[in-house]
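**Q**
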Amino acid sequence: LAYNIYKGKLKKAYDKYPEKADYIKQQLENLKKLEDEKSTNIDAVSNTFGNLMGEIFSYKDDQYRDDLRNI
Numbered sequence: 163l164a165y166n167i168y169k170g171k172l173k174k175a176y177d178k179y180p181e182k183a184d185y186i187k188q189q190l191e192n193l194k195k196l197e198d199e200k201s202t203n204i205d206a207v208s209n210t211f212g213n214l215m216g217e218i219f220s221y222k223d224d225q226y227r228d229d230l231r232n233i
């Protein structure tokens, strides 16, 4: 249901930021894999989630990108 509600907005975001969208999708797939494996490696889970959030926070390619990615 949520997908259907946001489908148009997701396509617009993907068209505007295709590389970021692909990277975010990859990180979500990595998180799903770790969850499916019932991984207890907190570093792997945290790093994957951190990479995902860093990419979301650094949506502009500007002077703040690296700082936002490392929050």
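One rule links them: number in this note's numbering = place in the sequence shown (from 1) + 162.
Idealized CB from N, CA, C, for every residue including glycine.
Given the structure is predicted, the values throughout are model-derived calculations rather than measurements.
1) Please name the residue in 215, 232 and 229 whose C-alpha comes closest to that of residue 182.
2) Can you say whether residue 217 is buried or exposed, counting buried as having 16 or more other CB atoms within 10 angstroms of its CB?
3) What residue range does the alpha helix (DSSP H) around residue 192 cover?
4) Under 8 Å, do residue 168 and residue 221 count as touching if we go by C-beta distance?
**A** Taking the definition as stated:
1) On the sequence shown, residue 182 is found 20 positions in, with the first residue counted as 1. Ranking 215, 232 and 229 by CA distance to the CA of residue 182 puts 215 first.
2) For the purposes of this step, residue 217 is taken as the residue at position 55 of the sequence shown. Buried: at least 16 other Cβ atoms inside 10 Å.
3) Reading the sequence shown from its first residue, position 30 is the one you call residue 192. Taken as a continuous stretch (DSSP letters only), the alpha helix (DSSP H) holding residue 192 covers 180-198.
4) Sequence index remark: in the sequence shown, residue 168 carries index 6 (1-based). Sequence index remark: in the sequence shown, residue 221 carries index 59 (1-based). In this structure, residue 221 does not lie closer than 8 Å to residue 168 by Cβ.
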